[in-house]
Amino acid sequence: MLKRLWLILGPVFCALVLVFSLIMFYPAKHLSHNYNEEKNDAVALSPSSFKSTNKKMRALSDKRHLFVPFFGSSEWQRIDNMHPSVLAERYNRSYRPYL
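Per the working numbering, the very first residue in the sequence shown carries number 1365; after that it's consecutive.
Printed below as a string of structure tokens:
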């Protein structure tokens, strides 16, 4: 009877232990915010910054600095006077575009 009960509830118990240990021991280092690093990642066009979900989530979850995700045109690859990040910097906007 105990063996049968373990075969039914054992995987559920093991899953709960694994989820609990993951929540308790997950490193919180990825949540540390560095504004200059996030600002550089926001306009970088390298594949690592473009595809990195961790960098995006870290920047977009920053409570002190508002990053707004901008999606769209390939013309944003050129940094000129009308680039969203240049305009936000020049006119002291309350947000920073995250391209």
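No residue lacks a Cβ here, since even glycine has one placed at the ideal position from N, Cα and C.
{"Item": "For Phe-1434 and Tyr-1399, believed in contact at Cβ under 8 Å, the rounded distance", "Value": "18 Å between Cβ atoms; not a contact."}
{"Item": "Straight-line Cα distance separating Lys-1367 from Ser-1410", "Value": "55 Å"}
{"Item": "Cβ neighbours of Asp-1426 in the same chain (closer than 6 Å, five flanking residues each side left out)", "Value": "His-1397"}
{"Item": "Status (buried if at least 16 other CB within 10 Å, exposed otherwise) for Pro-1448", "Value": "buried"}
{"Item": "The beta strand (DSSP E) enclosing Phe-1431, as first and last residue numbers", "Value": "1430-1433"}
{"Item": "Cα-Cα separation between His-1429 and Val-1450, rounded to whole angstroms", "Value": "16 Å"}
{"Item": "Residue range of the alpha helix (DSSP H) that includes Arg-1457", "Value": "Element bounds for Arg-1457: n/a, residue is neither H nor E."}
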